[in-house]
Amino acid sequence: MLLTAPRASINNFVCKRFIKVLALEYSCDDSCVAILSSTGDILFNKKTTSRHVSEAGGVIPIKAINHHQKSLPGLVKAALEQTNMKLGKDITMICATRGPGLAGSLCAGYQFSKGLAVAHDNMKFVGVHHMLGHLLMITMEFEDLLNRSFLSLLVSGGHTQLVLSHDALKHDILIDLKEKRAIGDSLDKCGRLLGFKGNMIAKEMEDFISKQNLPLDDPEYKKSLLKSKFPFKFPLSSPKNSKDMAFSFSGQITQLKHYLEREKLEVEHLSAKSKAELAFQIQYLHFFHIIKKIKQLFAARPELAQLPIVISGGVASNSFLREYFREEFISRIYVPKNKDLCTDNAVMIGWAGLKFFEKSRLLTTLESTTKNTWLLSDLLTVDGYEKDPSL
Ligand code: AMP
Ligand code: ZN
Numbered sequence: 391m392l393l394t395a396p397r398a399s400i401n402n403f404v405c406k407r408f409i410k411v412l413a414l415e416y417s418c419d420d421s422c423v424a425i426l427s428s429t430g431d432i433l434f435n436k437k438t439t440s441r442h443v444s445e446a447g448g449v450i451p452i453k454a455i456n457h458h459q460k461s462l463p464g465l466v467k468a469a470l471e472q473t474n475m476k477l478g479k480d481i482t483m484i485c486a487t488r489g490p491g492l493a494g495s496l497c498a499g500y501q502f503s504k505g506l507a508v509a510h511d512n513m514k515f516v517g518v519h520h521m522l523g524h525l526l527m528i529t530m531e532f533e534d535l536l537n538r539s540f541l542s543l544l545v546s547g548g549h550t551q552l553v554l555s556h557d558a559l560k561h562d563i564l565i566d567l568k569e570k571r572a573i574g575d576s577l578d579k580c581g582r583l584l585g586f587k588g589n590m591i592a593k594e595m596e597d598f599i600s601k602q603n604l605p606l607d608d609p610e611y612k613k614s615l616l617k618s619k620f621p622f623k624f625p626l627s628s629p630k631n632s633k634d635m636a637f638s639f640s641g642q643i644t645q646l647k648h649y650l651e652r653e654k655l656e657v658e659h660l661s662a663k664s665k666a667e668l669a670f671q672i673q674y675l676h677f678f679h680i681i682k683k684i685k686q687l688f689a690a691r692p693e694l695a696q697l698p699i700v701i702s703g704g705v706a707s708n709s710f711l712r713e714y715f716r717e718e719f720i721s722r723i724y725v726p727k728n729k730d731l732c733t734d735n736a737v738m739i740g741w742a743g744l745k746f747f748e749k750s751r752l753l754t755t756l757e758s759t760t761k762n763t764w765l766l767s768d769l770l771t772v773d774g775y776e777k778d779p780s781l
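For the sequence shown, our numbering gives the first residue as 391, with consecutive numbering after it.
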């Protein structure tokens, strides 16, 4: 007698079979390429950062586009050479960021990625949501998270959101930004006012604080820094209900600017200790606000307080933020061990593309277009998907 397995389990087997993926990320100024396997082995992972960002103090869209045009082909070539792999033979899937991000950067990278896919027969192509990449990165270390609902705090240069994920495909945004400015951008601009330089100023600021060895373990010292000596006001008062909940980073830069002017402080003349203290207070101004908003949400919806919390995005690499969350919430806090996987990278795009495909069995068509604005809650409602014809 011929036994046939149920269709779902055949599909699961096909979707979960061992494959290798070429992944590309280019939604802002970094050009990133990775090769990874469906079992989570990272075989290649590199990024190039455009120098113009630290010189200009922000991203200039045309320079970012040019950077991707120059960098992506060389990175892909290096990835294939160093891993000794061939597209269409060893690598059977391309995952490329479809949005959200800067329109020009997305177009440059997405067209290049589609070109690679069209040139190879039977190449699977998945256009990936950038924030899904940040959100699912942690599941490479803790895949079990995908079997239950969890919260993600996405804190990056372009986003600040608290998301409730039911699985790899279904996400509700619980708290979003009130205005456009995200936490990473605000921290970077504040750091710049304090005289820090670089591409990731908030990171430079954190490194500087830790080098000064402030006695932050002394509760009296920490209290005086964050209470009596604290010169800033926290944004946004209590919302009327959980629907009005929002993060806001529109006033922190102005507050710091006014404070420096009012106190006639010239940052180049500040002692290293005073500069580190001020930088620490600025970090606290941002992080306290996030924690306060999440606590307000939990007060309105206590059932959420039991869920695990994942922190992802570039700002998630901040040690103080990680520690602060562990102190303030009873939930288990998850953060990627490798800090390089918090900031923009192509591994997260490849991994999210794989998880998306495993769960949905959907590929993205080669006629699909980029989405420079795209809510995670609309992951499946956009056009451009097709069932994998090989299933
Ligand atoms: P992303 O947009 O996810 O690539 O994240 C980039 C943002 O994360 C930039 O604003 C960085 O300054 C910020 N960032 C990176 N490392 C840290 C850190 N250690 N502490 C705070 N912010 C950071
Ligand atoms: Zn990002």
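The beta carbon of each residue, even a glycine, is placed where N, CA and C say it ideally should be.
Item: Length at least 3, wholly inside the stretch 553 to 613: the beta strand (DSSP E) runs in chain order; Value: 561 to 567
Item: Contact under 7 Å by Cβ, S780 with D562; Value: no
Item: Residues that DSSP places opposite S702 in a beta bridge; Value: L544
Item: Residues of its chain near I528, where Cβ-Cβ distance is below 6 Å and the 5 sequence neighbours each way are ignored; Value: V700, Y724, P726
Item: Stretch pair the stretch 436 to 455 + the stretch 573 to 593: three plus CB contacts closer than 8 Å; Value: yes
Item: C-alpha gap between M521 and D734, whole angstroms; Value: 10 Å
Item: Range of the contiguous beta strand (DSSP E) that encloses I784; Value: This structure leaves residue 784 out entirely; the chain is present only between 391 and 781.
Item: Strand pairing of F637, partner residues [DSSP]; Value: L567
Item: Element boundaries [alpha helix (DSSP H), containing I739]; Value: 737 to 750
Item: Assigned secondary structure, R488 (DSSP; H/G/I helix, E/B strand, else coil); Value: strand
Item: Simplified DSSP assignment, three categories, for H549; Value: coil
Item: Inter-stretch contact (C-beta, 8 Å, three-pair minimum) for the stretch 503 to 517 and the stretch 431 to 439; Value: no
Item: Best match in C422, E718, I591 for proximity to Q673 [C-alpha to C-alpha]; Value: I591
Item: For L554 and L525, believed in contact at Cβ under 8 Å, the rounded distance; Value: In fact, because the Cβ distance is near 11 Å, the residues do not count as touching under 8 Å.
Item: Residues bridged to K476 (per DSSP); Value: According to DSSP, which records beta bridges pairwise, K476 is partnered with nothing at all.
Item: Contact test: D784 Cβ vs the ligand ZN heavy atom, cutoff 6 Å; Value: Since the first and last residues shown for the chain are 391 and 781, residue 784 lies out of range.
Item: Cβ contact check for the stretch 756 to 771 and the stretch 490 to 506: 3 or more pairs under 8 Å; Value: yes
Item: Euclidean distance between Cα positions of T644 and L650; Value: 10 Å
Item: Proximity test, S546 beta-carbon vs the ligand ZN heavy atom, cut-off 6 Å; Value: yes
Item: Proximity test, K410 beta-carbon vs the ligand AMP heavy atom, cut-off 6 Å; Value: no
Item: Cβ-heavy atom distance, A413 to the ligand AMP, below 6 Å; Value: no
Item: Enclosing beta strand (DSSP E) for K617 [first to last residue]; Value: Taken as a continuous stretch (DSSP letters only), K617 belongs to no beta strand (DSSP E), as it is neither H nor E.
Item: Range of the contiguous alpha helix (DSSP H) that encloses T644; Value: 642 to 652
Item: Option nearest K410 by Cα separation, candidates S707, D480, K761; Value: D480
Item: Straight-line gap, F678 to E569 (C-alpha atoms, nearest Å); Value: 18 Å
Item: Alpha carbon of L426 to alpha carbon of K467, nearest angstrom; Value: 15 Å
Item: Contacts around G494, its chain only, beta-carbon distance under 8 Å, and the 5 residues preceding and following it disregarded; Value: P451, I452, A454, I455
Item: C-beta neighbour in chain D for S702, strict 7 Å; Value: In the displayed structure, chain D is absent; only one protein chain is listed.
Item: Proximity below 7 Å, CB of K663 to CB of G489; Value: no
Item: Residue interval of the beta strand (DSSP E) (run including K437); Value: 432 to 439
Item: Range covered by the beta strand (DSSP E) that runs through F515; Value: 514 to 519
Item: R691 versus L564, E610, E658, F746, residue with shortest Cα-Cα distance; Value: L564
Item: Coil, strand or helix - D783 by DSSP; Value: With the chain covering only 391 through 781, there is no way to say anything about residue 783.
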